[in-house]
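Student: Handing you this structure, nothing more for now.
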Amino acid sequence: MSPRSNSCENGPEGALIGADTLVMLAGRRPEHLDGPWSLTLDLFGEGLNQNWAALDEKRPIEWELPRDYDIAGGEIVHVPSCWNVLRPEWRFFEGTGWYTRSFEWQQRRTDERVVLYVGAAAYEARVYLNGYPLGRHRGASTPFCVELTDALETGANRLQIAVNNQRLANRIPPERFDWFNYGGLYREVHLVRLPALFILDATVSLVPDGGRFTLLAEVTLSDPTDGTAHVSIPELDIEIPVPVSAGRGAAVVAVTPALWSPASPKLYRVVTRFGNDLVEDQIGFREIRADGPQLLLNGAPIYLRGICAHEDDVALGKSSTREDVERRFGHARALNCNFLRLTHYPHHENVAKTADERGLLLWEEIPVYWNVDFASDETYRDAENQMQELIRRDRNRASVILWSIGNETPDTVERTHFLSRLADMARHMDPTRLVTAACTLQGGMIKDSVTSSLDVIGINQYFGWYDPDLPGLARFLEHSFPGKPVLISEVGADALAGLRDPSAPLFSEERQAQIYRQQFEMLARASYVCGVSPWLLYDFRSERRQSSVQRGFNRKGLIAEDKNRTKLAFGELARIYQQIGESRP
Ligand code: GCU
Numbered sequence: 000m001s002p003r004s005n006s007c008e009n010g011p012e013g014a015l016i017g018a019d020t021l022v023m024l025a026g027r028r029p030e031h032l033d034g035p036w037s038l039t040l041d042l043f044g045e046g047l048n049q050n051w052a053a054l055d056e057k058r059p060i061e062w063e064l065p066r067d068y069d070i071a072g073g074e075i076v077h078v079p080s081c082w083n084v085l086r087p088e089w090r091f092f093e094g095t096g097w098y099t100r101s102f103e104w105q106q107r108r109t110d111e112r113v114v115l116y117v118g119a120a121a122y123e124a125r126v127y128l129n130g131y132p133l134g135r136h137r138g139a140s141t142p143f144c145v146e147l148t149d150a151l152e153t154g155a156n157r158l159q160i161a162v163n164n165q166r167l168a169n170r171i172p173p174e175r176f177d178w179f180n181y182g183g184l185y186r187e188v189h190l191v192r193l194p195a196l197f198i199l200d201a202t203v204s205l206v207p208d209g210g211r212f213t214l215l216a217e218v219t220l221s222d223p224t225d226g227t228a229h230v231s232i233p234e235l236d237i238e239i240p241v242p243v244s245a246g247r248g249a250a251v252v253a254v255t256p257a258l259w260s261p262a263s264p265k266l267y268r269v270v271t272r273f274g275n276d277l278v279e280d281q282i283g284f285r286e287i288r289a290d291g292p293q294l295l296l297n298g299a300p301i302y303l304r305g306i307c308a309h310e311d312d313v314a315l316g317k318s319s320t321r322e323d324v325e326r327r328f329g330h331a332r333a334l335n336c337n338f339l340r341l342t343h344y345p346h347h348e349n350v351a352k353t354a355d356e357r358g359l360l361l362w363e364e365i366p367v368y369w370n371v372d373f374a375s376d377e378t379y380r381d382a383e384n385q386m387q388e389l390i391r392r393d394r395n396r397a398s399v400i401l402w403s404i405g406n407e408t409p410d411t412v413e414r415t416h417f418l419s420r421l422a423d424m425a426r427h428m429d430p431t432r433l434v435t436a437a438c439t440l441q442g443g444m445i446k447d448s449v450t451s452s453l454d455v456i457g458i459n460q461y462f463g464w465y466d467p468d469l470p471g472l473a474r475f476l477e478h479s480f481p482g483k484p485v486l487i488s489e490v491g492a493d494a495l496a497g498l499r500d501p502s503a504p505l506f507s508e509e510r511q512a513q514i515y516r517q518q519f520e521m522l523a524r525a526s527y528v529c530g531v532s533p534w535l536l537y538d539f540r541s542e543r544r545q546s547s548v549q550r551g552f553n554r555k556g557l558i559a560e561d562k563n564r565t566k567l568a569f570g571e572l573a574r575i576y577q578q579i580g581e582s583r584p
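Mapping of the sequence shown onto numbering that gives the first Met the number 0: position 501 corresponds to residue 500, and the numbering continues sequentially without gaps.
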């Protein structure tokens with residue numbers, strides 16, 4: 000972030016905000032802007048046409064001319080939240096929500112800079128301060144920052160964020176996907192006060208060279224300056240001087256930390272200082288590598304006993320609370336899981352922080368889902384930026400072992416070029432993790448051309464459900480040896496909670512449990528399969544699902560959408576994982 004990079008002269012569009020201005024929050028004390036905001040829903044997009052951001056805050060009786068927007072006169076809603084769950088008439092709203100609130104600012108230091116940090120806004124957000132356009136961000140599930148300094152007033156300031164959640168073919172995800180299209184400022188919003196020169200990003204990781212005794216410290220500053228940063232890990236009694244040139248620096252140190260693993264989720268306090276700035280994080284050190292068909296965690300083979308999870312709640316929509324995250328981890332533990340596939344977009348950052356503390360391994364993913372506009376360079380840049388923001392946000396999270404660049408995308412030349420660029424970028428940006436994607440079989444075999452760009456091949460297969468030919472699973476497992484780890488990234492079946500019938504008809508709990516049994520009788524024996532993450536933990540909202548047993552929900556959950564009623568297959572999977580956990584690493 001160069002000084003005043005989001006200055007007020009950006010014009011009506013505002014600069015495109017991206018990963019390069021994302022400010023690391025760890026160890027800082029931000030000022031929270033959560034709470035009551037005014038929200039006006041703008042179905043016809045009049046806000047940009049009529050330049051609502053430039054209006055004053057007079058009340059209607061004080062206007063000289065009529066207006067269609069009353070800046071502080073919207074409905075008062077709590078941020079963070081999804082508008083879809085706040086009013087029945089807002090359930091399916093797809094358009095722009097104009098959020099407004101004011102805040103007081105008094106300068107505390109002469110050289111102080113102030114940045115707005117938004118945890119997530121679904122999908123495109125335009126930020127205005129005191130009527131100035133400061134920038135716009137694309138991507139519904141990653142954080143972004145925009146500098147407010149130049150547009151701040153001493154005393155009262157007016158902050159507006161226009162959030163658009165329309166489903167468009169050139170977005171990531173595109174207009175069709177199998178989850179609910181929530182909208183709004185649905186994660187936390189903060190003000191961050193910073194010195195003139197500050198630490199933008201600081202990461203410390205174990206160099207993945209098989210030795211596991213070399214730490215790499217990397218520091219990025221807000222501005223292209225020289226100097227020395229200092230990274231200390233008190234418990235290891237080390238301080239690493241990191242020479243910085245033109246705002247970037249890196250240094251290695253030989254040390255043998257206690258390694259992080261699901262069995263021993265050891266975290267170290269890591270403090271990074273530069274000039275007047277300091278950040279600190281809790282970081283676990285571990286190595287994940289692929290060796291032929293095996294996945295090695297800290298040099299030892301590991302088998303991933305996983306489950307997929309959406310970020311969806313009947314009361315909260317896509318927002319998630321600490322209680323909601325705790326419940327997700329509680330159910331994963333009860334299943335004897337050591338792994339979660341967070342689908343199909345970046346989840347709240349508390350999930351990876353909790354996984355670090357609890358010792359659960361994670362697959363994190365950006366929503367390059369189904370039929371993306373792979374020929375569009377603008378769409379590629381959107382996907383690339385979402386991946387970069389996710390890596391910047393979670394790079395210090397030991398639990399994250401896999402970056403996923405897509406899910407069930409069609410095997411075309413444009414798509415494979417798009418994804419291989421994304422894979423190369425992710426691997427270059429973060430060589431300490433593996434790159435994967437969820438692919439589908441072709442002719443019952445692994446033939447997808449993108450697999451050559453992946454470190455771990457994810458396979459979504461529904462033998463026994465969408466494909467009645469269950470023996471096809473045996474043929475696939477017996478004849479596909481791609482020479483690299485294969486993770487069954489989806490498998491499952493629908494069941495309506497409470498629909499019980501010993502004859503196991505479709506949508507009965509018995510049929511779902513039966514398919515789990517039949518699947519794992521074969522999967523557990525497949526030597527090159529490094530793990531499974533069945534689809535999925537909870538039933539979730541999806542308007543594509545309108546049969547009388549679905550009624551707007553995808554029913555493949557092992558637990559109903561109330562996150563309470565457990566289906567027969569839950570106990571089946573817990574028993575299967577208990578047995579696998581005892582027999583495989
Ligand atoms: C696909 C897809 C999921 C979807 C699931 C289903 O594999 O990846 O997003 O919900 O199948 O059909 O239930």
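Here a beta-carbon is modelled for each residue, glycine too, at the ideal position from N, C-alpha and C.
1) May I have the straight-line CA-CA distance separating Ala-18 from Gln-385, to the nearest angstrom?
2) What whole-angstrom Cβ distance do Glu-571 and Ala-512 have, given they're in contact under 8 Å?
3) Any idea what DSSP makes of Ala-168, helix, strand or coil?
4) With DSSP collapsed to three states, give me the class of Arg-583.
5) Keeping to the same chain, check which residues put their C-beta closer than 7 Å to that of His-478; ignore five residues upstream and five downstream.
6) Run through the DSSP bridge pairs and tell me what Asp-596 is partnered with.
7) Can you confirm whether the region 240 to 250 touches the region 206 to 222 when touching is taken to mean that 3 or more C-beta pairs between the two stretches lie within less than 8 Å?
8) Do you know offhand how far Gly-134's Cα is from Phe-91's?
9) Tell me which residues share the same chain as Ala-473 and place their Cβ nearer than 6 Å to its Cβ, disregarding the 5 neighbours each side in the sequence.
10) So Gly-34 is in the alpha helix (DSSP H); what residue range does that whole segment cover?
11) Answer yes or no: the CB of Lys-555 versus the heavy atoms of the ligand GCU, is any distance below 7 Å?
12) What would DSSP say about Val-313, mapped onto helix, strand or coil?
13) What three-state label does DSSP hand Asn-275 in the structure shown?
14) Determine which residues share a DSSP beta bridge with Trp-82 and list them.
15) So, for Val-434: in the same chain, excluding its five sequence neighbours on each side, which residues have a beta-carbon less than 7 Å away from its beta-carbon?
16) Around the C-beta of Pro-11, are 16 or more other C-beta atoms found within 10 angstroms, so that it is buried, or is it exposed?
17) Let me confirm a value: Val-412 is counted as buried when at least 16 other C-beta atoms fall within 10 Å, else exposed. Which label applies?
18) Within the same chain, show all residues whose beta-carbon is closer than 6 Å to that of Tyr-127, passing over the 5 residues directly before and after it, in chain order.
19) Closer than 7 Å: is that where the CB of Ala-437 sits relative to any heavy atom of the ligand GCU?
20) Which same chain residues end up closer than 7 Å to Asp-67 when comparing Cβ atoms and leaving out the 5 residues on each side of it in sequence?
21) For Ile-232, I'd like the list of residues in its chain whose CB is within less than 6 Å of its CB, leaving aside the five on either flank, ordered along the chain.
22) Output yes or no for whether 8 Å exceeds the beta carbon distance between Pro-264 and Glu-356.
23) DSSP three-state label for Gly-283, please.
24) DSSP beta-bridge partners for Leu-215?
25) I want to check one thing, is the minimum distance from the CB of Glu-586 to the heavy atoms of the ligand GCU below 7 Å?
26) Within 10 angstroms of the Cβ of Lys-57, are there 16 or more other Cβ atoms? Answer buried if so, exposed if not.
27) Could you tell me the alpha carbon to alpha carbon distance between Ser-541 and Arg-340, rounded to whole angstroms?
28) Using three-state DSSP, classify Ile-445 as helix, strand or coil.
29) Examine the ligand GCU and report whether any of its heavy atoms sits within less than 7 Å of the Cβ of Trp-534.
30) For the region 469 to 510, which segments carrying the beta strand (DSSP E) assignment without a break, of at least 3 residues, lie completely within its bounds, in sequence order?
31) Between which two residues does the beta strand (DSSP E) containing Gly-154 stretch?
32) Please tell me whether Phe-328 and Leu-360 are closer than 8 Å, where the distance is taken between their beta carbons.
33) If you count every other CB in all the chains shown that lies within 10 Å of the CB of Gly-530, and 16 or more means buried, which is it?
34) Nearest-angstrom Cα distance between Glu-8 and Thr-99?
35) Looking at Thr-599: is its Cβ nearer than 8 Å to the Cβ of Pro-207?
36) Are there any heavy atoms of the ligand GCU lying less than 7 Å away from the beta-carbon of Asp-447, as far as the coordinates show?
Tutor: Taking the coordinates as given:
1) 8 Å
2) 5 Å
3) The answer is coil: DSSP assigns Ala-168 none of H, G, I, E or B.
4) coil
5) Excluding its 5 nearest sequence neighbours in each direction, His-478 has C-beta neighbours in its own chain below 7 Å: Met-444, listed in chain order.
6) This structure does not reach residue 596, given that the chain is present from 0 up to 584, and the question cannot be answered.
7) yes
8) 27 Å
9) Met-521
10) Run containing Gly-34: none in the alpha helix (DSSP H); it sits in the beta strand (DSSP E), 34 to 41.
11) yes
12) In the three-state reduction of the DSSP assignment, Val-313 falls in the coil class.
13) coil
14) Note: Trp-82 sits in no beta bridge, so no partner.
15) Trp-402, Ile-404, Ala-422, Ala-425, Arg-426, Leu-453 and Asp-454
16) Bear in mind that the predicted position of Pro-11 carries a pLDDT of just 48, short of 50, making it unreliable; the figure below should be weighed with that in mind. Exposed: under 16 other Cβ atoms inside 10 Å.
17) By the neighbour-count criterion, in which 16 or more other beta carbons inside 10 Å mark a residue as buried, Val-412 falls on the exposed side.
18) Taken in chain order, the residues that qualify are Ala-52 and Gln-159.
19) Inclusion of Ala-437 in the 7 Å shell around the ligand GCU follows from its C-beta lying nearer than that to a non-hydrogen atom of the ligand.
20) Glu-45 and Gln-49
21) Tyr-267 and Val-269
22) yes
23) Coil, per DSSP.
24) Bridge partners of Leu-215: Ser-204 and Val-251.
25) Residue 586 cannot be examined here, being either before or after the span of the chain that is shown, 0 to 584.
26) exposed
27) Within the model, the alpha-carbon separation for Ser-541 versus Arg-340 is close to 19 Å.
28) Correct three-state label for Ile-445: coil.
29) yes
30) 485 to 489
31) Where Gly-154 is concerned, the enclosing beta strand (DSSP E) stretches over 154 to 163.
32) no
33) buried
34) Because the pLDDT at Glu-8 is just 40, under 50, the model does not fix this residue reliably, and the value given afterwards should be weighed accordingly. Their Cα atoms are separated by approximately 21 Å.
35) There is simply no residue 599 to check, as the chain begins at 0 and stops at 584 in what is shown.
36) no
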